[in-house]
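Numbering (my numbering), first residue to last: 64 to 582. What follows is a set of notes on a single structure, which appears directly below.
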Amino acid sequence: MSRVRLIAVTSLSALLALGACSGDPLEPVDDWGKPTAGSSGWSDSEGKADGLSGNPGLPTSVDSANTSVWEVRNQWHDTSTVEASQAGLAWSANSGLNWDEKYRAWVDSLERIDCDDCFGDTFALTTPYGKTLPAPSLECAEMAMFMRVAFASWYGLPYFIEGRMDGQRVFFGHFGIRTFSGRWRNTPRYKSVYPDFSHLSDDVAAGLTAWPSSQKLRDRKLFGAFDDDQPQIGEDAHTGAYFDELFLNKRVGHFLMMHLVYFGSVNLADPANMYNLKPEASLPGDVVVKRYQQTGIGHTLLVKNRNDYPDADVDGELLPQFDLELASGSMPRRQPQWSSTTSSKSSVTADAAGGPEHGTFGGGMKRYRVARSVGGKWTNVVLPGDADNWVKSSNIDAMEGRTDEFEKMFVELSAEEKLEALLEGVEVERAWLRDHPSSCAARTRREETFEQIYELGHELDMTREEIDAEHRLFEDYVLAELVYNQSKTCCWNSTNRAMFDIIIAKALADEEAAGQCLQ
Numbered sequence: 064m065s066r067v068r069l070i071a072v073t074s075l076s077a078l079l080a081l082g083a084c085s086g087d088p089l090e091p092v093d094d095w096g097k098p099t100a101g102s103s104g105w106s107d108s109e110g111k112a113d114g115l116s117g118n119p120g121l122p123t124s125v126d127s128a129n130t131s132v133w134e135v136r137n138q139w140h141d142t143s144t145v146e147a148s149q150a151g152l153a154w155s156a157n158s159g160l161n162w163d164e165k166y167r168a169w170v171d172s173l174e175r176i177d178c179d180d181c182f183g184d185t186f187a188l189t190t191p192y193g194k195t196l197p198a199p200s201l202e203c204a205e206m207a208m209f210m211r212v213a214f215a216s217w218y219g220l221p222y223f224i225e226g227r228m229d230g231q232r233v234f235f236g237h238f239g240i241r242t243f244s245g246r247w248r249n250t251p252r253y254k255s256v257y258p259d260f261s262h263l264s265d266d267v268a269a270g271l272t273a274w275p276s277s278q279k280l281r282d283r284k285l286f287g288a289f290d291d292d293q294p295q296i297g298e299d300a301h302t303g304a305y306f307d308e309l310f311l312n313k314r315v316g317h318f319l320m321m322h323l324v325y326f327g328s329v330n331l332a333d334p335a336n337m338y339n340l341k342p343e344a345s346l347p348g349d350v351v352v353k354r355y356q357q358t359g360i361g362h363t364l365l366v367k368n369r370n371d372y373p374d375a376d377v378d379g380e381l382l383p384q385f386d387l388e389l390a391s392g393s394m395p396r397r398q399p400q401w402s403s404t405t406s407s408k409s410s411v412t413a414d415a416a417g418g419p420e421h422g423t424f425g426g427g428m429k430r431y432r433v434a435r436s437v438g439g440k441w442t443n444v445v446l447p448g449d450a451d452n453w454v455k456s457s458n459i460d461a462m463e464g465r466t467d468e469f470e471k472m473f474v475e476l477s478a479e480e481k482l483e484a485l486l487e488g489v490e491v492e493r494a495w496l497r498d499h500p501s502s503c504a505a506r507t508r509r510e511e512t513f514e515q516i517y518e519l520g521h522e523l524d525m526t527r528e529e530i531d532a533e534h535r536l537f538e539d540y541v542l543a544e545l546v547y548n549q550s551k552t553c554c555w556n557s558t559n560r561a562m563f564d565i566i567i568a569k570a571l572a573d574e575e576a577a578g579q580c581l582q
C-alpha cells in the first residue's frame with residue numbers, strides 16, 4: 064500500500080520567508096514581483112481577412128526616433144534581396160527561404176549540449192559573428208521572446224509585441240518602447256544613450272577585432288533578479304553580462320532587460336502577437352503556450368525539433384505522423400531544458416495547451432506574427448503562405464480540438480517507452496525542486512507528469528497505488544503541489560539545496576517522532 068503523506072508547510076514558510084518577492088518601482092506588479100503588461104484586448108474574430116491582417120500599430124516614422132533599438136533593413140517576406148540571398152547560420156546561399164523560415168531553420172540547427180543549471184540537456188546558441196554561447200538561463204516565456212528578438216535584431220528585421228499599460232496600448236519593438244503619444248513613461252532613448260558596435264561585425268567574425276564590451280550592460284540584472292545568474296558564461300555573471308557577450312548592438316541587451324520583465328505568457332497567448340496554429344503545421348521556432356486561467360501564471364515551451372514519419376490511417380483517416388522536441392525555461396530561471404518526445408507529447412496534448420475547457424485562455428501551439436508596414440503603420444500580420452495554417456482564436460471548438468488532433472498525429476511509443484520518458488520528466492522536476500524547493504511550477508509539472516503515468520496504468524496493468532508505491536519518493540509528498548494563486552510561497556525564488564535538505568530532515572524527524580506516516 065502506498066504511503067500518502069500531507070506534510071504541514073509551516074516549517075517551509077519559516078525557511079523561505081527571507082526569499083519573498085520584492086516590489087517594483089514601475090507599477091503594477093504581479094505575484095512574482097514583475098511589472099505586467101495586460102493583454103491588448105484585440106480579437107481576430109471579425110473574419111479571416113481581418114484576423115490575418117492584424118491590428119495596425121505605430122506609424123513607421125517612429126523608426127527614426129531616438130528611442131530606436133535597431134535599424135530595419137530587411138523584411139520577413141524577403142527571399143531574393145541581396146542579404147536574403149546570402150548564406151547564413153542554417154541556410155545556403157540562394158536558399159529561397161524567407162526570414163521567418165530562416166528563423167525556424169536556425170532554431171532547428173542549434174546543437175544539444177549539457178545543461179549547466181538544469182537536469183539533462185540544453186542547446187548552444189550560434190550567432191552571425193561566429194560566436195557560440197550556451198543558451199541563457201531565463202523563464203519560460205522569456206526564452207521564447209529572447210530567441211525572436213535576438214534573431215530579428217541580428218538581421219535588421221522589424222519586430223514588436225504589444226500589451227496594455229496605463230489604460231493604453233504599449234509597444235515594445237525595434238523602435239523602442241512607445242505608445243501612440245510617444246515614449247512610454249521614462250523608458251530609455253536607446254539610440255541616444257547606448258552604443259551599437261554592429262559596424263565591427265565583419266572584423267569580429269574574421270578575428271581582426273576583439274569583442275567590444277559595455278560595462279554598463281554587463282553590470283545589469285533583470286529587475287528583482289535574485290535568480291538571473293548565468294553560470295554558463297562565468298562566476299557571478301548575470302543576464303546583463305550574457306547579453307553583453309551575445310550582442311554587438313548593446314542597445315538590444317538593454318532593451319531586453321525591460322522587454323523580458325514586462326511581457327509573459329499572457330502576451331504570447333494574445334492573438335495580436337502570436338496566432339494559433341494547426342497541429343500538422345508545427346515547426347521549430349513555434350511556441351506551445353499552456354494557460355491555466357485568463358490571467359496569471361502559465362508555461363511556455365519552444366518547439367526545438369520536428370521529426371516526420373510516414374502518414375498513417377487513424378480511425379479511417381490518413382493523417383501525417385510526426386513528433387516534436389520542446390525546450391523551456393522555468394521559474395526560477397534556468398537554461399532551456401530539452402524535453403524528450405514523450406514529455407513533449409504530454410505538453411501539446413495537455414488540457415492547458417488550449418484543450419477542453421481551456422480554449423478561451425488562449426493556449427496551444429502558436430507562431431509569431433511578423434511585423435510589416437501596412438498603410439504606413441507597423442502591423443503584426445500572418446504571412447500569406449501561412450494563411451491556411453491559422454486557427455481563429457474565437458473558434459473555440461477548433462481551438463480545443465487541437466489537443467485531440469495532436470494525440471492522433473504525434474507518433475505513438477510503447478507503454479514501456481512512455482513510462483521511461485515520463486519518469487525522466489519526473490526526475491527533471493525533482494532535480495529542480497532539490498535546488499529550488501519553493502518552485503510551484505516544478506511541483507505542478509511533476510504532478511502533471513504523474514497524471515500521465517496514472518493514465519498509462521491500464522497499459523502497464525498497474526493501479527494508481529502500485530504506481531505510487533514503485534515510483535513515488537518521500538520528497539514528492541513533502542514538496543506537495545501548491546495552488547499558485549493561494550500560496551504566496553510560489554514567488555519565493557531564492558531557495559536552495561541547503562533549504563531542501565533542512566525541509567526533508569524536518570519532515571523525517573516529525574514522522575519518526577510521531578511513529579507513523581503523517582497524513
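Ideal Cβ positions, reconstructed from N, Cα and C, are used throughout, including at glycine.
With respect to the 8 Å criterion, Q293 and P199 are classified as neighbours on the basis of their beta carbons. In the three-state scheme derived from DSSP, where H, G and I count as helix and E and B as strand, N452 is classed as helix.
Counting other Cβ atoms within 10 Å of its Cβ, H237 reaches 16 or more and is therefore classed as buried.
Taking C-beta atoms as the reference points, D171 and A153 count as a pair closer than 8 Å.
Apart from sequence neighbours up to five positions away, the residues of its chain that approach F235 with a beta-carbon distance below 6 Å are I224 and H322, ordered along the chain. Leaving aside the five residues that flank E343 on each side, the residues in its chain whose CB is nearer than 7 Å to its CB run, in chain order, P383 and M472. S456 is positioned such that its CB atom lies no closer than 8 Å to that of N336. Residue state for G183 is assigned as coil, using DSSP reduced to three classes. Within the region 203–241, the runs of beta strand (DSSP E) at least 3 residues long that lie entirely inside it are, in chain order, 223–228 and 231–236.
As summarised for the region 280–361, the continuous alpha helix (DSSP H) elements at least 4 residues long and confined to that stretch are 302–309, 313–325 and 328–331, given in chain order. Per DSSP, the beta-bridge partners of G427 are V352. The three-state reading of DSSP puts G438 in coil, since its state is none of H, G, I, E or B. In the three-state reduction of the DSSP assignment, K367 falls in the strand class, which pools E and B.
If you compare the alpha carbons of Y257, R396, E388 and V351 with that of T130, the shortest gap goes to Y257.
Less than 8 Å divides the Cβ of F182 from the Cβ of V491. Taking the Cα positions, R175 is about 10 Å away from Q400. For F424, the number of other beta carbons within 10 angstroms of its own is at least 16, and it is reported as buried. By the criterion of a C-beta distance shorter than 8 Å, L446 is surrounded in its chain by W139, H140, N161, D163 and V433, once the five residues flanking it on both sides are discounted. In this structure, the alpha-carbon of L486 lies about 12 Å from that of E511.
R397 sits in a strand when the DSSP states are folded into three classes. A buried status is given to T404, since no fewer than 16 other beta-carbon atoms sit within 10 Å of its beta-carbon. L482 sits in a helix when the DSSP states are folded into three classes.
I176 is bridged by DSSP to T185. DSSP lists A434 as the beta-bridge partner residues of N443. R497 sits in a helix when the DSSP states are folded into three classes. Considering only R527, A269, L319 and M210, the residue with the shortest C-alpha distance to G239 is L319.
Distance from the CA of G226 to the CA of T442, rounded to the nearest whole angstrom, comes to 14 Å.
Taking a contact to require three or more Cβ pairs closer than 8 Å, the region 529–542 and the region 500–519 qualify as touching. Buried is the label assigned to P221, since at least 16 other Cβ atoms lie within 10 Å of its Cβ. Counted as a single uninterrupted DSSP element, the alpha helix (DSSP H) harbouring S264 occupies residues S264 to A268. As the crow flies, the alpha-carbon of A187 is around 23 Å from that of V324. Proximity of the region 345–352 to the region 361–369 meets the contact definition, three or more beta-carbon pairs being nearer than 8 Å.
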